[in-house]
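The block underneath contains the structure these notes are about, expressed in C-alpha cells.
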Amino acid sequence: MTREITDPDAQIILEIQHGSRDAFNQLVRRHQAAVRRLAQRLIDDEEEARDVAQEVFVLAWRELPRWRFKAKFFTWLYQTTWNLSRGVRRKAYRHQYREKPPQPDSAPSGNRREEIITAERHVAVRAAVAALPERQRQVVILRVYEKLSVAQTADVMKCKEGTVKALLFQALKKLSGLLQTENDYER
Amino acid sequence: MSGKHDQDRLIAYILNELPAEDRARVEAHLKECPRCRTRFEQLSQIGTRLNADAGTQTDPGNEEAFLVEVNQRIDAENERRPVFGLLRRLAVGGALVMLLLLLLRHPAPDAPCRPRAPVAQQRPDHKISRLAKHTPAVYPDFSGLLERGWPLAGKAPALSPSPMPAFPATPKLTEGVSLVFPKIKL
C-alpha cells in the first residue's frame, strides 16, 4: 500500500535523508523566518528566541533521517518551537514581574505622544494574549499572528478544526473582556 | 447565517480571511441582524487591535548569519556525538556484564542447586570459629566444642545440667477419677 505524500517539503527531506547538507540549508532558509517569529512571539528575550529557533533546526537535522512523512514538516516545526519556547518561558516566568517595564519619557508632545500611546496599546494587547489559557493563546498566536489556516492550526494543535474555531471564539471573547476592563481603567 | 456557522464566518470576516463575495454577504447580513451586529461590535474591536499588533512585528533578518550559526551548532554536535556514543555503549556493555555476573552468582529459584561438597571436605571449624570469635564472654564458650571436634565427630557433648526442675509424671486417666494437675513452680 502506498501513501500519498502531500508535504511540500517532502522532496527536500528526501535529499536530506540521502545526506545533502545543501538541502537542509534550503529547508532552514524556507522556514527560519516563521520559526524565529514564533519563538520571538513567545519569548520576550530576542537572544533566547534566536537560541530556541536554532535548537529547533538542530533537532530537525537529528530527526529528519528518520522522518516517515506521517505529518507535515512545518507542523512538526511549529510544535517543536512551541514546546521549546514554552520551556524557556516557564523558566523566565518568575522573573517577569521583577523587571520594571520601560517608562515613557515625561511630557512627550505631538507625534511622539501618539507613538507612545500606540506602543502602550500593543503592549496591552500582548499582555492580554499572554494572560489567556494555554490552548486559547496558542490558537490566537497561530491563527491571528502567524496567519495559519484553521486546518493547519488544527494539525499543529493536534485537534479538530471545530475545536480551533471554538477556541478562537472563546479567546476573542475573553480578550474583548480583558481589554475592555483595561480601557475602563484608563478612563 | 445562523448559529455556529455565522460565528465562524464572523471571525473569518474580522480576521480578513473572507473573499470579497463573502465579505459583502456578511456586511449585508450585519445590516439586517441586530444580534450578529452586537456580537460583531464586541469582537471587531479586539480583532482590529490584534491585527494591528500582528502587523507590527517585522520578519527577523540576518538570514545567512542564522544559517551559519545553525550549521556551526550541528557541526559541534556531530563532533561531540561519537564520544558520547562510545561512552554510552561502554556504559551499556558494563551494565550488561554486571547483570550477567549477578545472574550467574544467584541462580533462579527453579534452577538446580549446586551439589554441596561432602562433609569430610568441609572445613570443620568454618562456621563455629567465626561465631566463637564474635561471641561475647557472657555466652557459653564454644571453643571447647571445637577442640573436641564437634559437630563433625558425632554427638554433641553434654553441656551443664539443666536448671529446670523435672516435670512430674503425667497421671494416668481412669474412669471416674477427676483429673488434677499438680502445681508447678517455675
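Each protein sequence line maps, in turn, to chains A and B. Quick note on our numbering: the first sequence kicks off at 1 and runs consecutively. Quick note on our numbering: the second sequence kicks off at 1 and runs consecutively. We put the beta carbon where it would ideally sit given N, CA and C, even for glycine.
Starting from the beta carbon of A/Q54, find every residue of chain B whose beta carbon is closer than 8 angstroms, and list them in chain order.
Correct list: F66, E69, V70, R73.
What residue range does the alpha helix (DSSP H) around B/C36 cover?
First-last of the alpha helix (DSSP H) with B/C36: 34 to 56.
I need the straight-line Cα distance from A/R41 to A/S20, nearest angstrom please.
Going by the C-alpha atoms only, they are around 31 angstroms apart.
By DSSP, does A/S20 sit in helix, in strand, or in coil?
A/S20 falls in the coil class under three-state DSSP.
Excluding the 5 residues flanking A/R143 on each side, which residues of the same chain have their C-beta closer than 6 angstroms to its C-beta?
If we look at A/R143 and ignore the five residues flanking it on each side, its Cβ neighbours are T153, L168.
Can you give, in chain order, each stretch of the alpha helix (DSSP H) that sits fully within the segment 127 to 182 of chain A and has at least 4 residues?
Qualifying alpha helix (DSSP H) stretches, in chain order: 134 to 140, 150 to 157.
For A/E114 and A/I43, what's the separation of their Cα atoms in angstroms?
Approximately 27 angstroms, taken between the alpha carbons.
Three-state secondary structure (DSSP) at A/A71?
In this structure, A/A71 counts as coil in the three-state DSSP scheme.
Out of curiosity, what's the CA-to-CA distance linking A/L32 and B/L96?
The identity of residue 32 of chain A in the sequence shown is Gln, whereas the question assumes Leu. Each residue's alpha carbon lies about 43 angstroms from the other.
Do A/L175 and A/V129 have their C-beta atoms closer together than 8 angstroms?
For A/L175 and A/V129, yes; Cβs fall inside 8 angstroms.
What does a CB cutoff of less than 8 angstroms around A/Q170 pick up in its chain, not counting 5 residues either side in sequence?
Around A/Q170: Q136.
Work out the CA separation of A/N25 and B/E63 for me, nearest whole Å.
So the alpha carbons of these two residues sit roughly 11 angstroms apart.
On a Cα-Cα basis, can you pick out the residue from A/V52, A/R37, A/V56, A/R66 that is closest to A/E15?
Nearest option by C-alpha distance: A/R66.
Helix, strand or coil for A/T6 per DSSP?
Coil, per DSSP.
Going by DSSP, what residue range makes up the alpha helix (DSSP H) through A/R66?
A/R66 -> no alpha helix (DSSP H), and no H or E assigned at all.
For B/L43 versus B/L10, is the C-beta spacing smaller than 8 angstroms?
Yes.
Shorter than 8 angstroms from the beta carbon of B/R23 to some beta carbon of chain A?
It does not: the Cβ of B/R23 has no partner Cβ on chain A nearer than 8 angstroms.
Quick one: residues in its chain with C-beta nearer than 8 angstroms to the C-beta of B/L30, no 5 flanking neighbours on either side, listed in chain order?
Taken in chain order, the residues that qualify are C36, R37, F40.
Within 10 angstroms of the Cβ of A/A77, are there 16 or more other Cβ atoms? Answer buried if so, exposed if not.
Sequence check: residue 77 of chain A is Leu here, not Ala. Per the 10 Å Cβ criterion, buried.
Examine chain B for any beta-carbon lying closer than 8 angstroms to the beta-carbon of A/L77, and answer yes or no.
Taking Cβ atoms only, chain B never reaches closer than 8 angstroms to A/L77, which makes this a no.
Would you identify the three-state DSSP class for B/L10, choosing helix, strand or coil?
DSSP places B/L10 in helix when its eight states are reduced to three.
Measure from the alpha carbon of A/D9 to the alpha carbon of each residue in A/L64, A/R86, A/D51, then state which is nearest.
Per the Cα distances, A/L64.
Tell me the DSSP secondary structure of A/I116 in three-state form.
Helix at A/I116.
Quick one: using the 10 Å Cβ neighbour count with 16 as the cut-off for buried, is B/V26 buried or exposed?
By the 10 Å Cβ count, B/V26 comes out buried.
Can you tell me whether A/R68 is buried or exposed? The criterion is at least 16 other CB atoms within 10 Å of its CB, across all chains shown.
A/R68 is exposed by the Cβ-count criterion.
Less than 8 angstroms between the beta carbons of A/W61 and A/Q138, yes or no?
Against a cut-off of 8 angstroms, the Cβ pair of A/Q138 and A/W61 comes out as no contact.
Tell me the DSSP secondary structure of B/E17 in three-state form.
Three-state DSSP puts B/E17 in coil, outside helix and strand.
Quick check: what's the CA-CA separation for A/Q180 versus A/A124?
Looking at the two C-alpha atoms, the distance is approximately 11 angstroms.
With distances taken Cα to Cα, identify the nearest neighbour of A/A119 among B/L15, B/R49, B/E21, B/D22.
Closest option to A/A119, Cα to Cα, is B/R49.
Using 10 angstroms around the beta-carbon of A/F57, count the other beta-carbons present and answer buried if the total reaches 16, otherwise exposed.
Buried.
Is it buried or exposed for B/F84, if we count other Cβ within 10 angstroms and need 16 for buried?
Answer is exposed; the Cβ neighbour count stays below 16.
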